[in-house]
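Input: a single structure, listed below in structure tokens.
Protein chains: 2
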Amino acid sequence: MTSGLRERKKLATRLALHQTALQLVAERGLDGVSVDDIAGRAGVSPRTFFNYFPTKDDAVVGIDASAVGQAAERFAARPAHESPVEALRAVHAQQAAEMAGEPETLWPLRLRVIDEHPVLIARLHAVFGSAERALAEAIAVRTGTTVGADLYPTLLAAVSGVAVRAALHAWLASDFTESLPALVDEAWDVLAAGLPAPRP
Amino acid sequence: MTSGLRERKKLATRLALHQTALQLVAERGLDGVSVDDIAGRAGVSPRTFFNYFPTKDDAVVGIDASAVGQAAERFAARPAHESPVEALRAVHAQQAAEMAGEPETLWPLRLRVIDEHPVLIARLHAVFGSAERALAEAIAVRTGTTVGADLYPTLLAAVSGVAVRAALHAWLASDFTESLPALVDEAWDVLAAGLPAPRP
DNA sequence: CCGAAAGGTGCAGTCAGTGCAAAGTTGCGC
DNA sequence: GCGCAACTTTGCACTGACTGCACCTTTCGG
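Each protein sequence line maps, in turn, to chains A and B. Numbers in this note's numbering are just positions in the first sequence, counted from 1, shifted up by 11. Numbers in this note's numbering are just positions in the second sequence, counted from 1, shifted up by 11.
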């Protein structure tokens, strides 16, 4: 199904561009790398680069909105008896586990590079943002309200993004020694408790 | 103190550029407006435009990080007996009140324009993001931890940004009929309660 | 009124990103 | 195997954001 030669080649090229971009930016910084550099080292023409990513920044971040958008679908598929927060926690647990399953070094490198460049942080936020809009819709359906009429869907969707980003940040801060799923869970514990000041 | 001719002129030019940018983008969309257009109508050279804003997008959003950075200072200045959440709520209440005090139409127009352009949403997030980093430091001080060692400061700082953004979004959705401070407060009520599903 | 400091401007250049049309590849029915 | 249709890659030309530099104009303090 996904195994046409065309499909596989496209996937491979996309990944090659992303990894090349990451590596070069890690070495020289975002401004020290041009699209021509990335395309050249990945073995395609500069023009082709833009068939795969709309901007240079997107190639470095390398996460497409569709992958993140599945969160909303999974949320909608959770059993109806779960509260919104419970359902979200379950979805995040699954996602965090999948991320841990990807090639070892990809996420660490990605996060390190993104963390050093505010522009890329913003890009990452933008990707999350579009996912959160979809999620807000799904939450509204589950709680029987609409996005326009009630704060809750927007708020919870945004908080869910925060939980993941805070966990990713802590993961990076721990130099990837801690468990990502555990960090996500910890973040949700704090959120579900209403953000009480931690005991020192 | 702030009343040198130079100072006032700079402020005026900055505001003129921002308002011109907003107005033009509202009429023609972000891609229908060039920097030359904005500079021309605001009565300065295109080159001068970039003395005031680093990018076209920043001119449209028109919020500089320093203004947002004061949140961290105000937070640090809150009485020590307040919990982090209490202190944040107080800071936000003050900020929301100040925003309501600005020229009537500026925020509505800003929010409408930003909301229509994902790139600008990302820019706004970036501005908030830098403020949140400063805030996280201040929170870490107040709770006796460090940003690297504990999830809490990052998490709470990000949540505070979410509270404001969700309130702004709801304000826009209400066509600016509701009270912004009330919306911010409402968002914090939900957050402080641990995000329980709303009663329908 | 003058000299120093700061802001405004023109110029030339780099690079991101796009539309278009001409190759080059791949998939598929025969 | 063959060849046509569909898709991808690529080169080219162009727009527009953004920058460094050098020069001019305005403001400020004495």
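The beta carbon of each residue, even a glycine, is placed where N, CA and C say it ideally should be.
Closest Cβ-Cβ distance between residue i and chain A: below 7 Å?
i, result
"Ala133 (chain B)", "yes"
"Val102 (chain B)", "no"
"Glu197 (chain B)", "yes"
"His136 (chain B)", "yes"
Just checking: is the beta-carbon of residue i within a distance shorter than 7 Å of some beta-carbon in chain B?
i, result
"Leu99 (chain A)", "no"
"Thr24 (chain A)", "no"
"Thr59 (chain A)", "no"
"Pro95 (chain A)", "yes"
"Thr154 (chain A)", "yes"
"Pro192 (chain A)", "no"
"Gly205 (chain A)", "yes"
"Thr157 (chain A)", "no"
"Leu167 (chain A)", "yes"
Using 10 angstroms around the beta-carbon of residue i, count the other beta-carbons present and answer buried if the total reaches 16, otherwise exposed.
i, result
"Gln106 (chain A)", "buried"
"Pro90 (chain B)", "exposed"
"Ser45 (chain A)", "exposed"
"Thr157 (chain B)", "exposed"
"Arg121 (chain A)", "buried"
"Leu191 (chain A)", "buried"
"Thr165 (chain B)", "buried"
"Glu38 (chain A)", "exposed"
"Gly15 (chain A)", "exposed"
"Leu194 (chain B)", "buried"
"Ser171 (chain B)", "buried"
Going along the chain, which residues of its own chain have a beta-carbon closer than 6 Å to the beta-carbon of residue i, five neighbours each way excluded?
i, result
"Ile74 (chain A)", "Val138"
"Leu41 (chain A)", "His128"
CB-CB under 7 Å to residue i, same chain, minus the five flanking residues each way: which ones, in chain order?
i, result
"Leu135 (chain A)", "Val72, Ile125"
"Met110 (chain A)", "Trp118, Leu191"
"Val79 (chain A)", "Val138, Phe139, Ala142"
"Arg19 (chain B)", "none"
"Ala145 (chain A)", "Gly80, Ala83"
"Gly155 (chain A)", "none"
Please determine whether the Cβ atom of residue i lies at a distance below 6 Å from any heavy atom of the ligand COA.
i, result
"Ala181 (chain A)", "In terms of ligand content, the structure shown is empty, and the ligand COA therefore cannot be addressed."
Leaving out five residues before and five after residue i in sequence, what residues of the same chain have Cβ atoms less than 8 Å from its Cβ?
i, result
"Val130 (chain A)", "Leu41, Asp68"
"Glu148 (chain A)", "Ala83, Val158, Pro164"
"Ala101 (chain A)", "Arg89, Glu93"
How many whole angstroms separate the CB atoms of residue i and residue j, which I take to be in contact at a CB cut-off of 8 Å?
i, j, result
"Val173 (chain B)", "Val173 (chain A)", "6 Å"
"Leu202 (chain B)", "Leu99 (chain A)", "At roughly 15 Å, the Cβ-Cβ gap does not stay under 8 Å, so Leu202 (chain B) and Leu99 (chain A) are not in contact."
"His103 (chain B)", "Val55 (chain B)", "Wrong, their Cβ atoms sit about 35 Å apart, outside the cutoff."
"Ala169 (chain A)", "Ala177 (chain B)", "6 Å"
Would you call the segment 191 to 211 of chain A and the segment 41 to 59 of chain B in contact, with 3 or more CB pairs under 8 Å?
no
Do three or more CB pairs link the segment 102 to 114 of chain A to the segment 16 to 30 of chain A at distances below 8 Å?
no
Within 8 Å, do at least three Cβ pairs link the segment 32 to 42 of chain B to the segment 140 to 159 of chain A?
No, because fewer than three Cβ pairs between the segment 140 to 159 of chain A and the segment 32 to 42 of chain B fall closer than 8 Å, the two stretches do not touch.
Should the segment 158 to 177 of chain B be regarded as contacting the segment 172 to 190 of chain A, the criterion being three or more beta carbon pairs within less than 8 Å?
yes
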